[in-house]
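When we follow the working numbering, the leftmost residue of the sequence shown carries the number -14, and every step to the right adds one. Here a beta-carbon is modelled for each residue, glycine too, at the ideal position from N, C-alpha and C. Taking it in order: structure first as structure tokens, then the write-up.
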Amino acid sequence: MYVPFEDLSEESRVWIYQSNRKFSDAEFTEIENDLKTFLEGWAAHGTSLESSYQLKYNRFIILAVNQDVQAATGCSIDSSVEFIQQLEKKYSVDLLDKMNVTFKLGEHIAHKPLIDFKKMVKDKAVTENTIVFNNLINNVQEFNESWEVPAMDSWHSRFF
């Protein structure tokens, strides 16, 4: 059951998928329609999941579930991953590779393999103050407070 993202509790579980390329506005509109359809039918053991999404920067798909109403189970999580895999195929993108880093370079959103990001740190092309997207967050509260943070305040700090 789809609900507006802002109506979810702060403890709602979050999954973040980052694309290896920017989606066009038309693609993002299609993805939004597909997401609403998916979330309307998303269930765990036959019980609807109170869920929502956000699309950010034409690059990120954020899914969230209010686990106070009904917890996401292995099968329901698997179905969401299958949905994401379908989007990968449909748009020829990579959404599941966690070995990439997305960060801001001015107003530009950059996406690099982790090894390239480490090289940029070494070359001082990015600093501890570079805004990174911490996709390891677990819930809506962390998403609101700690998703876009200086590298020194995220797991990326180990590279400095």
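Length of the line joining the Cα atoms of residue i and residue j
i, j, result
"residue 12", "residue 72", "10 Å"
"residue -10", "residue 51", "10 Å"
"residue 146", "residue -6", "This structure does not reach residue 146, given that the chain is present from -14 up to 145, and the question cannot be answered."
"residue 145", "residue 113", "7 Å"
"residue 64", "residue 101", "32 Å"
"residue 21", "residue 107", "42 Å"
"residue -4", "residue 143", "27 Å"
"residue 92", "residue 41", "14 Å"
"residue 14", "residue 136", "31 Å"
"residue 103", "residue 27", "38 Å"
Cβ-Cβ distance between residue i and residue j below 8 Å
i, j, result
"residue 122", "residue 44", "no"
"residue 25", "residue 55", "no"
"residue 5", "residue 85", "yes"
"residue 90", "residue 3", "no"
"residue 159", "residue 61", "Not covered by the structure: residue 159. The range shown for the chain is -14 to 145."
Burial state of residue i (16 or more Cβ within 10 Å)
i, result
"residue 77", "exposed"
"residue 140", "exposed"
"residue 129", "exposed"
"residue 9", "exposed"
"residue 70", "exposed"
Beta-bridge partners of residue i, as assigned by DSSP
i, result
"residue 95", "88"
"residue 32", "29"
"residue 41", "45"
"residue 6", "DSSP output for residue 6 lists no bridge partner at all."
"residue 118", "133"
"residue -2", "50, 124"
Which listed residue (the options) has its alpha carbon closest to that of residue i
i, options, result
"residue 49", "23, 3, -1", "-1"
"residue 131", "29, 1, -8, -14", "1"
"residue 29", "57, 80, 23, 38", "57"
"residue 88", "53, 62, 98", "98"
"residue 38", "136, 124, 116", "124"
"residue 119", "110, 96, 109, 133", "133"
"residue -8", "53, 109, 23, 115", "53"
"residue 16", "59, 46, 103, 66", "46"
Any C-beta of chain C under 8 Å from that of residue i
i, result
"residue 79", "Chain labels in this structure do not include chain C; a single protein chain is all it has."
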